[in-house]
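Undergrad: For the sequence shown, this note's numbering assigns the number 800 to the last residue and increments by one with no breaks. C-beta: ideal position from N, C-alpha, C; glycine also. All of these numbers come straight from a predicted model, not from anything done at the bench. I'd like to ask you about the structure that follows.
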Amino acid sequence: MTFGLYQIMGEEKTKEQLLNELAELRQYVSELEKSESKGKQSKKALQEAHDELIRVQKRTADLVKANEALQKEIIERKQTEAVVKVSEKKFAAAFYKSPIPMAITAMKDGRYIDVNEPFLNIMGLKYEQLVGNSSTGAGFITGESRALFLEEYRQKGFVENLELPMQVKNGECRRGLFNSSKITIGKEDFFLTMVADITELRRVEEELRKSEVMLSSVFKAAPVGLCVMKNRVYQFANTAWCEQFGYSESDLIGNTTQFLYENKEQERLHMEKLQGILEMAGTICHYYHGK
Numbered sequence: 510m511t512f513g514l515y516q517i518m519g520e521e522k523t524k525e526q527l528l529n530e531l532a533e534l535r536q537y538v539s540e541l542e543k544s545e546s547k548g549k550q551s552k553k554a555l556q557e558a559h560d561e562l563i564r565v566q567k568r569t570a571d572l573v574k575a576n577e578a579l580q581k582e583i584i585e586r587k588q589t590e591a592v593v594k595v596s597e598k599k600f601a602a603a604f605y606k607s608p609i610p611m612a613i614t615a616m617k618d619g620r621y622i623d624v625n626e627p628f629l630n631i632m633g634l635k636y637e638q639l640v641g642n643s644s645t646g647a648g649f650i651t652g653e654s655r656a657l658f659l660e661e662y663r664q665k666g667f668v669e670n671l672e673l674p675m676q677v678k679n680g681e682c683r684r685g686l687f688n689s690s691k692i693t694i695g696k697e698d699f700f701l702t703m704v705a706d707i708t709e710l711r712r713v714e715e716e717l718r719k720s721e722v723m724l725s726s727v728f729k730a731a732p733v734g735l736c737v738m739k740n741r742v743y744q745f746a747n748t749a750w751c752e753q754f755g756y757s758e759s760d761l762i763g764n765t766t767q768f769l770y771e772n773k774e775q776e777r778l779h780m781e782k783l784q785g786i787l788e789m790a791g792t793i794c795h796y797y798h799g800k
């Protein structure tokens, strides 16, 4: 649209016409400005929508990765649970079928959580009488013995071949050899303990010790010279033997018979004479010459 100040199409215009045309022009310019503003707003809205789409896509990708990681963790956890279940079954089978008395007790108070049949047999109690009770409460060990047990664990991180007195069925006191290590069930720590009854072993050892003491006393007090040699090396010699040769027992032990004689021939003759004396007395002496 083209406007003239005084003429349009060759015609003169009045002031009023000019004012009307000016108003129309202003309205047209205003509409153009509004249209341009709307365009800018639309462009801005479009940019914001695009930016939001990018953010949504990123969040979606993050969620997909998180979901994949979660699915992987679920699969691994199920596999771990399956392995744990198998391990638990194997442990239970070994625990209940073991011929060795075994017990699981709480670390904090010594309370029995589970025991196997051999342990019940030692105690002479039923399962329900023992489980839930403590080792000291059941009278199996004393408070002093439990303190020794805990101190052994504190120093080593486990208990190995710890000998303690234990009170079993009918109030009988016996000797037990304790071996224990820590196991964790859930979030609580427990002792897995194995006990071997070594009472008979200690009795036999004591009888053997007494026999050895008695034999040693008879050996040393014998009125005739006696000695024990291995490969012509003195292991033991009694008082009469030492007096016969004029040496102390400490002089003889660890030495060969040769140092008592001037030469090997003299040693051989003496040993043959000694063997003849023993044979005449009804004792057979086997003398082994060194190579």
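So for Gly648, helix, strand or coil by DSSP?
TA: Here residue 648 is taken as the residue at index 139 of the sequence shown, counted from 1. In the structure shown, Gly648 sits in coil (DSSP, three-state: anything other than H, G, I, E or B).
Undergrad: Which residues does DSSP list as the beta-bridge partners of Cys736?
TA: Position 227 of the sequence shown holds residue 736. For Cys736, which the question treats as bridged, DSSP gives the partners Ala746.
Undergrad: Would you say the beta carbon of Arg586 comes nearer than 8 Å to a heavy atom of the ligand FMN?
TA: The ligand FMN is not among the ligands present in this structure, which contains no ligands whatsoever.
Undergrad: Given this structure, state the Cα-to-Cα distance separating Val727 from Asn670, to the nearest angstrom.
TA: As a working mapping, residue 727 is identified with position 218 in the sequence shown. As a working mapping, residue 670 is identified with position 161 in the sequence shown. Distance between the alpha carbons of Val727 and Asn670 is about 35 Å.
Undergrad: Please classify Met723: is it buried, with 16 or more other beta-carbons within 10 angstroms of its beta-carbon, or exposed?
TA: Position 214 of the sequence shown holds residue 723. Its Cβ having fewer than 16 others within 10 Å, Met723 is exposed.
Undergrad: Going by beta-carbon coordinates alone, are Gly734 and Glu752 separated by less than 9 Å?
TA: Counting from 1 along the sequence shown, the entry for residue 734 is found at position 225. Counting from 1 along the sequence shown, the entry for residue 752 is found at position 243. Contact flag set, yes.
Undergrad: If you measure between the beta carbons of Met611 and Asn625, is that distance less than 9 Å?
TA: Here residue 611 refers to the residue found at position 102 of the sequence shown. Here residue 625 refers to the residue found at position 116 of the sequence shown. Yes, these two residues count as a Cβ contact at 9 Å.
Undergrad: Opposite Met611 in the DSSP bridges: which residues?
TA: The count along the sequence shown starts at 1 and reaches residue 611 at position 102. BP columns for Met611 point to Met703.
Undergrad: Buried or exposed for Phe600, going by 16 or more other Cβ atoms inside 10 Å?
TA: By one-based count along the sequence shown, residue 600 stands at place 91. Burial call: exposed.
Undergrad: Three-state secondary structure (DSSP) at Val565?
TA: Mapped onto the sequence shown, residue 565 falls at position 56. In the structure shown, Val565 sits in a helix (DSSP, three-state: H, G or I).
Undergrad: Report yes if the CB atom of Val742 is closer than 9 Å to the CB atom of Gly763, and no otherwise.
TA: Sequence index remark: in the sequence shown, residue 742 carries index 233 (1-based). Sequence index remark: in the sequence shown, residue 763 carries index 254 (1-based). The answer is yes: Cβ separation under 9 Å.
Undergrad: With Met703 and Ile622 assumed to form a contact (beta carbons below 8 Å), what rounded beta-carbon distance in angstroms separates them?
TA: Here residue 703 is taken as the residue at index 194 of the sequence shown, counted from 1. Here residue 622 is taken as the residue at index 113 of the sequence shown, counted from 1. Their Cβ separation, rounded to whole angstroms, is 15 Å, which puts Met703 and Ile622 out of contact at 8 Å.
Undergrad: Quick one: using the 10 Å Cβ neighbour count with 16 as the cut-off for buried, is Lys720 buried or exposed?
TA: Working through the sequence shown from its first residue, we reach residue 720 at position 211. According to the sequence as given, residue 720 is Ser; it is not Lys. Ser720 is exposed by the Cβ-count criterion.
Undergrad: Consult DSSP for Asn670 and reduce its assignment to one of helix, strand or coil.
TA: In the sequence shown, the residue the question calls residue 670 occupies position 161. Three-state DSSP puts Asn670 in a strand.
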